[in-house]
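Take a look at the structure below.
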Amino acid sequence: MKKYLLLIGMFVICNYSNGQILKKLKDKITAKTEQKVDAKTDRTIDKSLDSLLDAKSPVKIKKKSKDDSSEENEATTGTKAGASSSSNLKVYSKFDFVPGSSILYFDNFEKDNIGETPLGWITSASAEAVSIEGLEGNWVKMASTSANHFIRSKKQSWGNNFTIEFDLLLIKNSYDPRIDINLINTGGNLVTDESILSSSKKPALNFSAILSGDNMSRASLYAGDKKLSDAMTESLPYSNTMPVHVSMCVQGKRFRMWWNDRKLYDLQAISEEYLPNQLGFSFYSTGGFDAYISNIRIAKDIPDTRAKFEEGKIVSNLLFFAGTSKLKPESMGALLDVSKVLKDVTSTVKIVGHTDADGDDASNLKLSEQRAETVKSILVNQFNINESKLETEGRGENQPIADNKSAEGKAQNRRVEFIFKSEADNYIAPSGVLPTSDSKLGNNVKNPSTKNTDISAVSGDAIVKLQSKILNINLPFAQIMKTGDNSFTFTASKEEGNNKENYFKIQLKSVNNSLKPETYNFTEIAQKLPLYGSKQYAEITDYEAVLLYGATQKPYIYRFSPIVANGTMASYVDNSLARHLPAPSPNCIFVIEKVENGKASGYFTTGIMIEGLKPVTKGDAEQQTFTDGFSGEMKCTFSNVPVY
33 MKKYLLLIGM
43 FVICNYSNGQ
53 ILKKLKDKIT
63 AKTEQKVDAK
73 TDRTIDKSLD
83 SLLDAKSPVK
93 IKKKSKDDSS
103 EENEATTGTK
113 AGASSSSNLK
123 VYSKFDFVPG
133 SSILYFDNFE
143 KDNIGETPLG
153 WITSASAEAV
163 SIEGLEGNWV
173 KMASTSANHF
183 IRSKKQSWGN
193 NFTIEFDLLL
203 IKNSYDPRID
213 INLINTGGNL
223 VTDESILSSS
233 KKPALNFSAI
243 LSGDNMSRAS
253 LYAGDKKLSD
263 AMTESLPYSN
273 TMPVHVSMCV
283 QGKRFRMWWN
293 DRKLYDLQAI
303 SEEYLPNQLG
313 FSFYSTGGFD
323 AYISNIRIAK
333 DIPDTRAKFE
343 EGKIVSNLLF
353 FAGTSKLKPE
363 SMGALLDVSK
373 VLKDVTSTVK
383 IVGHTDADGD
393 DASNLKLSEQ
403 RAETVKSILV
413 NQFNINESKL
423 ETEGRGENQP
433 IADNKSAEGK
443 AQNRRVEFIF
453 KSEADNYIAP
463 SGVLPTSDSK
473 LGNNVKNPST
483 KNTDISAVSG
493 DAIVKLQSKI
503 LNINLPFAQI
513 MKTGDNSFTF
523 TASKEEGNNK
533 ENYFKIQLKS
543 VNNSLKPETY
553 NFTEIAQKLP
563 LYGSKQYAEI
573 TDYEAVLLYG
583 ATQKPYIYRF
593 SPIVANGTMA
603 SYVDNSLARH
613 LPAPSPNCIF
623 VIEKVENGKA
633 SGYFTTGIMI
643 EGLKPVTKGD
653 AEQQTFTDGF
663 SGEMKCTFSN
673 VPVY
């Protein structure tokens with residue numbers, strides 16, 4: 033038996049790893065051992081040989097059937113090999129990245145079927161969900177040869193105060209990894225519109241890296257066409273088995289970026305007129321490496337820790353390895369920020385742990401207690417905070433601040449609170465969110481009599497109401513974005529970021545560089561104004577829509593028009609196919625009535641064009657089939673629409 037295993041070891045040492053020879057050798061060993069060893073030894077040999085066959089691959093991709101319904105949850109999932117990086121807490125002790133407090137987008141692909149492209153992921157090549165042995169959660173393997181990929185965030189705007197984080201695993205095969213990380217402005221297109229893949233517009237910010245080893249990496253940073261930095265650096269280490277954690281922070285024009293714990297940039301790089309609203313990755317034609325991504329987290333409202341301290345409570349979304357109380361190193365920046373306040377505190381501070389609702393109540397309660405204790409220990413041992421003024425408590429899943437139905441809501445609920453004033457420890461469930469288990473709540477909890485609905489489906493303050501004879505609808509997700517010099521795009525949708533149905537887009541050309549109260553005419557009407565062409569007028573330059581009405585997908589409203597009419601387009605065309613359209617209506621205008629505190633209110637009136645009517649063929653020698661037409665007038669009122 034030892035003789036045969038020794039032969040196998042010699043093959044490995046000599047790097048003679050031809051798959052067919054190993055297979056034949058395995059067959060021979062199996063044949064001999066069937067006569068000399070029991071079934072247990074047989075399985076041991078097979079396992080040893082399988083390990084040898086897999087030794088060439090730095091990671092093992094675990095294939096899981098889509099029918100495998102086993103799910104991991106917050107309280108029951110143990111950490112895998114990735115948890116060993118908790119030993120890097122000291123390395124990250126000076127890490128000063130602080131994530132935003134309100135999570136806009138979170139994705140670890142836990143709900144995606146292994147082997148399939150994540151639903152909503154925009155890619156020009158291939159991207160598939162995989163599970164990697166030794167790393168927790170699911171990952172997306174991105175095609176790394178001549179490919180572009182965009183995440184599935186539906187937030188049309190992140191504002192000008194946000195953070196981005198993600199884990200990136202790069203595995204060198206035949207060539208050094210080369211990757212571009214792009215923050216783009218979609219130019220008025222909704223973020224789910226696949227046309228952004230083919231856009232020729234430069235990213236709002238582009239980070240380009242060629243990773244050629246510890247001392248030969250090259251990193252470049254561009255803002256549009258402007259080169260901000262291009263240098264060789266030794267500070268872009270990566271490992272075939274350990275992910276890199278990338279962190280970015282945008283505050284106004286200021287941009288900061290970290291590669292693991294190392295800060296790469298801190299400079300003025302963001303144009304406040306073209307704010308990023310989508311994250312993408314690009315790869316060149318060289319290929320020769322594998323790229324995986326997971327744990328994407330985008331958040332707004334970078335906290336003013338000192339101000340929150342004065343209010344009496346700091347809420348921190350610290351990251352722990354799944355199902356454990358081991359803190360992820362990248363959360364050390366948030367703790368460093370809190371520690372600066374704690375050094376000046378003389379009274380007792382309560383550290384309270386919270387979890388999402390996955391798993392059972394008891395396990396979550398225990399886990400939240402352990403996480404609070406971990407935070408206390410790090411503050412004492414790493415940041416020299418006086419232990420006597422820190423006390424801990426765990427409240428499990430019982431005080432959610434967001435819904436537990438979405439990934440973003442659950443990520444928001446996994447938090448640690450630092451309470452400085454007893455009056456600040458007063459839990460009030462947000463509208464649409466009920467405590468998970470009323471039986472565990474203390475007297476300091478107010479339980480609102482609201483339905484437990486998914487608040488991710490609830491809009492903000494924006495109100496957009498469309499009224500016509502065929503359709504009356506509210507579109508709660510709306511914004512006006514600057515998309516060029518003196519140019520703005522107004523988009524509104526029923527489902528956030530959805531450009532497939534129930535949305536519209538209107539492009540505006542202003543006489544001002546910033547949005548102000550103004551009246552816009554359709555171009556057909558503006559052309560009749562005095563001195564048009566030599567004098568600038570505010571215009572509606574383009575418009576599109578997919579607004580469904582009736583019981584089916586067709587017909588539907590597909591665009592707005594300065595013409596108010598009724599009937600199929602065929603009725604406005606003669607047999608020579610010449611068009612005789614009604615005159616544009618002077619009632620068709622778009623009005624911004626006021627812009628206050630970054631929000632716009634106003635109204636517009638347009639004609640409606642519909643598509644999908646019963647086909648009508650017309651013409652003598654040259655025939656044409658018409659399926660579109662007009663359907664009267666549309667009126668809209670809007671208020672509190674954010675301007676970005």
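Heads up: take any position in the sequence shown, counting from 1, add 32, and you land on the working numbering. Glycine included, every Cβ here is placed at the ideal spot set by N, Cα and C.
Could you pull the DSSP bridge partners for residue 611 from this structure? Partner(s): 605.
Rounded C-beta distance between residue 622 and residue 572? I'm assuming under 8 Å. With 8 Å as the limit, residue 622 and residue 572 qualify as a contact, their Cβ atoms being about 5 Å apart.
Does residue 364 come out as helix, strand or coil in the three-state DSSP assignment? Residue 364 falls in the helix class under three-state DSSP.
Measure the C-alpha to C-alpha separation of residue 350 and residue 409 and round it to an integer number of angstroms. Each residue's Cα considered, the two are about 14 Å apart.
Nonlocal neighbours in the same chain, by C-beta distance under 6 Å from residue 114, ignoring five residues either side: With a pLDDT of 42 at residue 114, under the threshold of 50, the modelled position of this residue cannot be trusted; read the value that follows with caution. These residues qualify, in order along the chain: 167 and 168.
Please report the straight-line C-alpha distance between residue 312 and residue 223, rounded to a whole angstrom. Roughly 11 Å separates the two Cα atoms.
Please confirm whether residue 315 and residue 299 have their CB atoms less than 8 Å apart. It is not a contact, given that the beta carbons lie outside the stated cut-off.
Tell me the DSSP bridge mates of residue 515? For residue 515, which the question treats as bridged, DSSP gives no partner whatsoever.
Whose C-alpha, out of 452, 178, 518 and 509, is nearest the C-alpha of residue 568? The residue with the shortest Cα to Cα distance from residue 568 is 518.
Could you tell me which whole beta strand (DSSP E) segments of length 3 or greater appear in the segment 247 to 316? Correct list: 249 to 255, 258 to 265, 276 to 283, 286 to 291, 294 to 300 and 310 to 315.
Assign residue 211 to one of two classes, buried (16 or more other C-beta atoms within 10 Å of its C-beta) or exposed (fewer than that). By the Cβ-count criterion, residue 211 is buried, with 16 or more other Cβ atoms from all chains shown falling within 10 Å of its own Cβ.
Residue environment, residue 110, which counts as buried when at least 16 other CB atoms sit within 10 Å: Note that residue 110 has pLDDT 40, beneath the 50 cutoff, so the model's placement of it is unreliable and the number below is only indicative. By the 16-neighbour rule on beta-carbons within 10 angstroms, residue 110 is exposed.
What does the Cβ neighbour count give for residue 652, buried or exposed, with the cut at 16 atoms within 10 Å? When all chains shown are included, residue 652 counts as exposed.
Neighbourhood of residue 455 by C-beta, 6 Å cutoff - its chain only, sequence neighbours within 5 removed: No residues qualify anywhere along the chain.
Residue ranges of each beta strand (DSSP E) within the segment 166 to 228, 3 or longer: Segments of the beta strand (DSSP E) lying fully in the segment 166 to 228: 170 to 174, 179 to 182, 193 to 204 and 210 to 216.
Taking the alpha-carbon of residue 339 as reference, which of 360, 318, 370 and 358 has the nearest alpha-carbon? For the set 360, 318, 370 and 358, the Cα lying nearest the Cα of residue 339 is the one of 370.
Taking residue 505 and residue 526 to be in contact with their CB atoms under 8 Å, please state how far apart those CB atoms are, rounded to whole angstroms. Confirmed, Cβ separation roughly 7 Å.
Bridge partners - residue 397, DSSP secondary structure assignment: According to DSSP, which records beta bridges pairwise, residue 397 is partnered with nothing at all.
Run through DSSP, which three-state label would residue 159 get? Strand, per DSSP.
DSSP three-state assignment for residue 675, whether helix, strand or coil: Residue state, collapsed to three classes: strand.
Looking at the strands, I want to know which residues DSSP matches up with residue 412. Bridge partners of residue 412: none, in fact.
Please classify residue 502: does DSSP put it in a helix, a strand, or coil? Residue 502: coil per DSSP, three-state reduction.
Are the segment 267 to 276 and the segment 217 to 231 in contact at 8 Å, needing three or more beta carbon pairs? Counting Cβ pairs under 8 Å, fewer than three are found: no touch.
Cβ shell of residue 426 (< 6 Å), same chain only, five flanking positions each side left out: Within the same chain, residue 426 has close Cβ partners 385, 397, 400, 401 and 404.
Given this structure, state the Cα-to-Cα distance separating residue 442 from residue 514, to the nearest angstrom. Going from the Cα of residue 442 to the Cα of residue 514 covers about 32 Å.
If you follow the beta strand (DSSP E) that residue 650 is part of, which residue opens it and which one closes it? That run of the beta strand (DSSP E) goes 631 to 650.
Please classify residue 195: is it buried, with 16 or more other beta-carbons within 10 angstroms of its beta-carbon, or exposed? Counting every other CB atom within 10 Å of its CB across the protein chains shown gives residue 195 a total of 16 or more, marking it as buried.
Residue 357 classed as buried or exposed, judged by whether at least 16 other C-beta atoms fall within 10 angstroms: Buried: at least 16 other Cβ atoms inside 10 Å.
May I ask you to verify whether the segment 597 to 609 touches the segment 646 to 660, counting CB pairs closer than 8 Å and requiring at least 3? Between the segment 597 to 609 and the segment 646 to 660 there are three or more C-beta pairs closer than 8 Å, enough to call the two in contact.
How should residue 430 be labelled, buried or exposed, when 16 other C-beta atoms within 10 angstroms of its C-beta is the threshold for buried? Result: buried.
If you draw a straight line from the C-alpha of residue 252 to the C-alpha of residue 359, how long is it? So the two alpha carbons sit approximately 31 Å from each other.
Can the beta-carbon of residue 465 be found less than 8 Å from the beta-carbon of residue 673? Contact check for residue 465 against residue 673 fails: the beta carbons are separated by 8 Å or more.
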